[in-house]
Each structure stands twice: as C-alpha cells, then as structure tokens.
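Numbering (UniProt numbering), first residue to last: 1 to 167.
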C-alpha cells in the first residue's frame, strides 16, 4: 500500500535541507526549513504536512512524540534522518474499510560528517482505514492544502504500534 509506506517515510525522514537536483548549488546558501513549533519542540515542515494523513484522534499525540524525538540539530542542517523501509506487507483486511500492514524498517540518523549514519530498528504495525476526502475550498489556506494532499488517497492512519516479531 503506497499510502502507508510513503506516509511513514515522510513522517520519520527529518531533513531541514531543501531538496535540489542542481548539483552546482552551494548547500550552505540554501534556506533551511525553520520547522513547525509543537509545544516546546519542533517538527520538520514535511513531517507536519504528512501528519494530516493521521486520524484526528491520533495525530496530535503522535506528532508531539515525533517532535520530542527530532534532534534540534535537524534545524541547522547538522542532523538528518531517513526511514528505510525493508519490508511492507500487503494490506491485511481487518474489517470493511480497515487494514493493517506490517513494516520492517530502519531509521538511519546522519549527524555531522557521518555519512554512514546510525541505524535504529523501526518495526511497526500500521493500521489504515478508508475516509472521505473533502473537496478543497476556494482560496485554501496552507494547512487546508496540506491536509488535502495527505488525504487525497482516501485513507488515514489511525494507529501505529510496535510490530510483534515473535520474541
């Protein structure tokens, strides 16, 4: 299920350095993502946007957890992370309009000049359900646009829990 894998990668890949395909661009001159304030912590703007793919009763608490995990050095470009999904199971139907997927992944954190990074196991069961996607209003705000983009697949993640690997 592309929706779940893409959403999880966007939620957990923290990078304040903008993407560019121009190899001649000086990375020190790029404007860094200032992030989005969540309580006394920050999220990358990309993570905040991806958060609209989470159900309303789950979104705020999960984003607070991610903000607490996001190293402050992300916002000066010194630390970055990437969620590398090694396996995402086919969706398993739970009931009408609800599925679960098992994800085996590593969250790789790159700090400073360390281009090898440190891998942290990130194995989760992701619960997804079908939702209606409301139309985008005329003259939408930035949050409305981001919410629409995150939900245009007609799905939302309503729970994420540790994957039981039979330990």
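Note that the Cβ used here is the ideal one computed from N, Cα and C, for glycine as well. No experiment lies behind these values; they were computed from the predicted model shown.
Residue environment, residue i, which counts as buried when at least 16 other CB atoms sit within 10 Å
i, result
"residue 116", "exposed"
"residue 121", "exposed"
"residue 54", "buried"
"residue 156", "buried"
"residue 94", "exposed"
Candidates the options, of which the one nearest residue i by Cα
i, options, result
"residue 89", "136, 96, 163 and 56", "163"
"residue 83", "160, 33, 161 and 7", "7"
"residue 48", "31, 9 and 30", "9"
"residue 2", "87, 56 and 72", "87"
"residue 104", "146, 161, 152 and 94", "161"
"residue 138", "93, 75 and 148", "148"
"residue 106", "112, 123 and 92", "123"
"residue 74", "45, 92, 64 and 65", "45"
Unbroken beta strand (DSSP E) run spanning residue i, endpoints
i, result
"residue 106", "98 to 111"
"residue 82", "79 to 88"
"residue 130", "124 to 130"
"residue 119", "118 to 121"
"residue 161", "155 to 162"
"residue 36", "36 to 38"
"residue 93", "92 to 95"
Terminal residues of the alpha helix (DSSP H) in which residue i lies
i, result
"residue 142", "142 to 151"
"residue 60", "56 to 69"
"residue 2", "2 to 12"
"residue 49", "45 to 50"
Assumed close pair residue i, residue j - CB separation to whole angstroms, cut-off 8 Å
i, j, result
"residue 181", "residue 128", "Outside the displayed span of the chain (1 to 167) sits residue 181, for which this structure offers no information."
"residue 125", "residue 102", "6 Å"
"residue 158", "residue 58", "6 Å"
Three or more C-beta pairs below 8 Å linking the segment 95 to 105 and the segment 34 to 46: Flag = no, the segment 95 to 105 and the segment 34 to 46 do not touch.
The segment 12 to 19 touching the segment 78 to 89, judged by at least three CB pairs closer than 8 Å: Output reads yes: the segment 78 to 89 touches the segment 12 to 19.
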